[in-house]
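First the structure, in the form of structure tokens, and then the observations on it.
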Amino acid sequence: MRRLVLLVIAALLLTGASAVASPAGVRVLSFNIHTGIGVDNRLDLTRVAQTIRATKADVVGLQEVDVHWSARSDWADQASALASALGMHVFFAPIYDLDPLEPGKPRRQFGVALLSRFPILSAENHKITRLSTQSSNPVPELMPGFPEIVIDVRGVRTHVYTTHLDYRGDPSVRRTQVADTLRVLGQDRGAPRILVGDFNAGPEAPELGPLWTELSDGWLAARGRSGGLTYPVDPPDRRIDYITASSPVRFRSMDVLVSPVSDHLPVLGELVLPRPRSPWGSANQVLRRGTAAVPPLAPIAAGGPYPGGVVLGARDGVIFEHSAFGDALRHDENGELPPAPRLPMRPDTIFDVASISKLFTSVVAMQFAERGRVDLDAPIARYLPEFAVNGKGTVTLRHVLTHTSGLPAGLAVGSYPTIPERLAAIYRVGLRAAPGTRYEYSDLSLIIVGKVLERVSGRTLPELVAEGITEPLRLRDTLYNPPESLRGRIAPTQVTTARGLIWGVVHDSTSWYLGGTAGHAGVFSTAADLAVFAQMLLNGGRYGSARVLSPESVRAMTTNWNAAFAGADRGLGLDVYKHSFMGAMATPSTVGHTGFTGTSLVIDPVTRSILILMTNRVHPTSSGPSVNPRRQAVADAVARSVPVRPFSGPTSWLATAPTSTLTAAVKGGAAIEFGLWADTEPGDVFALETSADGGTTWQPLPFSLRDGDGAWSSPGTVSGFLGRSWARASTTLPAAAVLVRWRQTNNAEVQGRGVYVDAILVDGKPADEAKLISSGFAPSTT
Numbered sequence: 000m001r002r003l004v005l006l007v008i009a010a011l012l013l014t015g016a017s018a019v020a021s022p023a024g025v026r027v028l029s030f031n032i033h034t035g036i037g038v039d040n041r042l043d044l045t046r047v048a049q050t051i052r053a054t055k056a057d058v059v060g061l062q063e064v065d066v067h068w069s070a071r072s073d074w075a076d077q078a079s080a081l082a083s084a085l086g087m088h089v090f091f092a093p094i095y096d097l098d099p100l101e102p103g104k105p106r107r108q109f110g111v112a113l114l115s116r117f118p119i120l121s122a123e124n125h126k127i128t129r130l131s132t133q134s135s136n137p138v139p140e141l142m143p144g145f146p147e148i149v150i151d152v153r154g155v156r157t158h159v160y161t162t163h164l165d166y167r168g169d170p171s172v173r174r175t176q177v178a179d180t181l182r183v184l185g186q187d188r189g190a191p192r193i194l195v196g197d198f199n200a201g202p203e204a205p206e207l208g209p210l211w212t213e214l215s216d217g218w219l220a221a222r223g224r225s226g227g228l229t230y231p232v233d234p235p236d237r238r239i240d241y242i243t244a245s246s247p248v249r250f251r252s253m254d255v256l257v258s259p260v261s262d263h264l265p266v267l268g269e270l271v272l273p274r275p276r277s278p279w280g281s282a283n284q285v286l287r288r289g290t291a292a293v294p295p296l297a298p299i300a301a302g303g304p305y306p307g308g309v310v311l312g313a314r315d316g317v318i319f320e321h322s323a324f325g326d327a328l329r330h331d332e333n334g335e336l337p338p339a340p341r342l343p344m345r346p347d348t349i350f351d352v353a354s355i356s357k358l359f360t361s362v363v364a365m366q367f368a369e370r371g372r373v374d375l376d377a378p379i380a381r382y383l384p385e386f387a388v389n390g391k392g393t394v395t396l397r398h399v400l401t402h403t404s405g406l407p408a409g410l411a412v413g414s415y416p417t418i419p420e421r422l423a424a425i426y427r428v429g430l431r432a433a434p435g436t437r438y439e440y441s442d443l444s445l446i447i448v449g450k451v452l453e454r455v456s457g458r459t460l461p462e463l464v465a466e467g468i469t470e471p472l473r474l475r476d477t478l479y480n481p482p483e484s485l486r487g488r489i490a491p492t493q494v495t496t497a498r499g500l501i502w503g504v505v506h507d508s509t510s511w512y513l514g515g516t517a518g519h520a521g522v523f524s525t526a527a528d529l530a531v532f533a534q535m536l537l538n539g540g541r542y543g544s545a546r547v548l549s550p551e552s553v554r555a556m557t558t559n560w561n562a563a564f565a566g567a568d569r570g571l572g573l574d575v576y577k578h579s580f581m582g583a584m585a586t587p588s589t590v591g592h593t594g595f596t597g598t599s600l601v602i603d604p605v606t607r608s609i610l611i612l613m614t615n616r617v618h619p620t621s622s623g624p625s626v627n628p629r630r631q632a633v634a635d636a637v638a639r640s641v642p643v644r645p646f647s648g649p650t651s652w653l654a655t656a657p658t659s660t661l662t663a664a665v666k667g668g669a670a671i672e673f674g675l676w677a678d679t680e681p682g683d684v685f686a687l688e689t690s691a692d693g694g695t696t697w698q699p700l701p702f703s704l705r706d707g708d709g710a711w712s713s714p715g716t717v718s719g720f721l722g723r724s725w726a727r728a729s730t731t732l733p734a735a736a737v738l739v740r741w742r743q744t745n746n747a748e749v750q751g752r753g754v755y756v757d758a759i760l761v762d763g764k765p766a767d768e769a770k771l772i773s774s775g776f777a778p779s780t781t
């Protein structure tokens, strides 16, 4: 949500009122109250309050609410009156805000409202397109009346919205309103979002279709296609009132309640929110050597565009592989060396880890924040006043740690003769975007973080990293500017005209011009030391007897703060959910980082796995191909060593090709059920489709899914991460359908852990697998 100065009306709270409906759920009500006028045409707000109270709802979305509007509602402030009667917080969002009829009277307002038993942390009245009913000749224009509140539901920050879409038979305005709605919802993608309201259209209406790509229709998820009629009251003949939610919110139950207090029936749902499941810190494991059912990783890693490397894999604190391959030194200034003078890679080879250095700087920043020495949300200019120039006065440490400061990627500083002059040039650089409005990966960001830490403490960054990280973790091979005595263990990097063979000094030119101790690059380390660092994070900030960070700081570092920027998932210093180098180890909780020199670190807390791949990619040149295909391949091997057990029976169907299909001939109107396990790259799509013309054309078939937490609905497609657990899907085929197919489409390179289909039932009976036509789907036991 865009952070604005907000007016939130807090109503009187009832002492001892329950904040949640049940230990695992939240009760949500959507109710068009028709300004308190019932089917008997009588105004009675008391009975509206009684109806809401009887539902024991925790969150309520109200439509058609008067606030000092007219005599029809006795000029009452209905939003505040209901909040007071129910002991709830309220945010009222006027659609119309008119001058009073008499001077000195309150403004006349009509709109929608959100009530909550949970304190409202922030709120905003968004604008969507409307045709005003207060104009004799209205034209579509952006108008307010689409409220959003943020509440904390037992530790889960949840965004709740309510809406009242256009009532006219022409769907064009509703179509535009749906687009506006999705634009607003997109600002908070990644957070749990609940949208309730009067949509003034049935679930099959084409103008609502785009909503179902982002939200799950609660009634369809929990109860199926039939029923749920809400308007008019006696008898209802259409379903136009909704409770919807984004994944991973689940629906445990949905009901339409019988009540004569409005011309709409209220809709009540019990929803299950994703609880804060922090796998970080669930155990304090100290790394040890052992074995695991993982294929050898070194042969996979050795196929990359580099002379050599070191690979280390660990799971549940057990290092199952730590091996070296290829050469550390293969070239010098004169070209490729003959075999004799080359230096082979060793498991303890020391690498310039390049941008993995940013993680060490970020950890020290979190240590300072824990102790109150810095405030992540304070302007950096508080600590570095000279940084404020050129519009940077509002840039915060959180901005730079998430690469949303607006700073450019880098700055050529070699033309300045001294380090102070180079730093001054960095401090003067202007912004490319307003802080918090755009993601751009920036080395300058972490340089600034390092200089803030040095200015606040009066000490150097290497001293802070040693004191806060390497000494308590006993990382004896992790340091800046390694001494000449370690040269024989260090992997050289590039051969350049200006610097010759870069060996034992930092490769990054900006860091080199700043003395090799910058916040973005300069750390040298081994695979073993980085594994301890990674295990410390996985342990929630501790390693054995050493406490480096608090669990809260680790959660902050590993939380995606960039959900509003597609493809730019970032924690505080860490990459989050990046299939590009994490491969099938990527989950919404997986974190890591890469280094330009060919290094990478991946931590998957779901399986408690760590993967370190250290290579000398820039030896002897930095112009070679990307290391990412090798990074993915090694990560895929680690991830796929954790089996996916079939939903039932000895095998399930696994999609193995860029496009995989599983097709069956089924009679029209049949009930279909199947198990679905999906963990894909977000752009890859699983679809359930039907054909009535023998397979010439295919249409998506909406279906419901249910897992241990509850139910949700799909418009016929699923993409991304389903929690690495099986869900049960169900639907009914159209009467005209003759073919049904399960289709998985991936990018050219299959990424993600995979998609499995199993236990297909047709009208409650197992499908004849011999009659299934498979293309790309293959039987799998794991």
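According to numbering that gives the first Met the number 0, the stretch in the sequence shown is residues 0 to 781, in order. Beta carbons: idealized from backbone N, C-alpha and C, even for Gly.
Tell me the DSSP secondary structure of residue i in three-state form.
i           : result
residue 442 : helix
residue 357 : helix
residue 652 : strand
residue 321 : strand
residue 95  : strand
residue 581 : helix
residue 174 : helix
residue 222 : helix
residue 23  : Its pLDDT being 47, under 50, residue 23 is placed unreliably by the model, and nothing is read from it.
residue 142 : strand
residue 554 : helix
residue 129 : strand
residue 256 : coil
residue 366 : helix
residue 788 : Summary: the structure shown does not reach residue 788, with the chain confined to residues 0 through 781, and so no result is reported for it.
residue 436 : coil
residue 341 : coil
Just the C-alpha distance for residue i and residue j, rounded to the nearest angstrom, thanks.
i           : j           : result
residue 691 : residue 668 : 12 Å
residue 435 : residue 404 : 6 Å
residue 215 : residue 98  : 39 Å
residue 6   : residue 35  : Reliability fails at residue 6, whose pLDDT of 27 lies under 50, so the model's placement of it is uncertain and no value is given.
residue 778 : residue 625 : 33 Å
residue 20  : residue 152 : Caution applies to residue 20, whose pLDDT of 31 falls short of 50 and renders its modelled position unreliable; the model cannot decide the point.
residue 564 : residue 342 : 44 Å
residue 800 : residue 709 : Lying before the first or after the last residue shown, residue 800 is absent from the chain, which here runs from 0 to 781.
Would you grab the beta carbon distance between residue i and residue j for me? Rounded to a whole angstrom, and I think it's under 8 Å.
i           : j           : result
residue 678 : residue 720 : 5 Å
residue 413 : residue 442 : With 8 Å as the limit, residue 413 and residue 442 do not qualify as a contact, their Cβ atoms being about 14 Å apart.
residue 118 : residue 150 : 7 Å
residue 528 : residue 574 : Not quite, the Cβ-Cβ distance comes to about 20 Å (not below 8 Å), so this is no contact.
residue 206 : residue 245 : With 8 Å as the limit, residue 206 and residue 245 do not qualify as a contact, their Cβ atoms being about 20 Å apart.
residue 401 : residue 378 : Rounded, the Cβ-Cβ distance is 15 Å, inconsistent with contact.
residue 596 : residue 615 : 7 Å
Is the Cβ-Cβ distance between residue i and residue j less than 8 Å?
i           : j           : result
residue 501 : residue 509 : no
residue 30  : residue 92  : no
residue 255 : residue 227 : yes
residue 686 : residue 716 : yes
residue 323 : residue 346 : yes
residue 356 : residue 493 : no
residue 161 : residue 195 : yes
residue 184 : residue 173 : no
residue 426 : residue 386 : yes
residue 518 : residue 448 : yes
Hey, could you find the ends of the beta strand (DSSP E) residue i is sitting in?
i           : result
residue 212 : Here residue 212 belongs to no beta strand (DSSP E), and DSSP marks it neither H nor E.
residue 611 : 608-614
residue 778 : 776-779
residue 193 : 192-197
residue 313 : 307-314
Locate the alpha helix (DSSP H) running through residue i, then write down its first and last residues.
i           : result
residue 535 : 526-537
residue 460 : 460-464
residue 51  : 44-54
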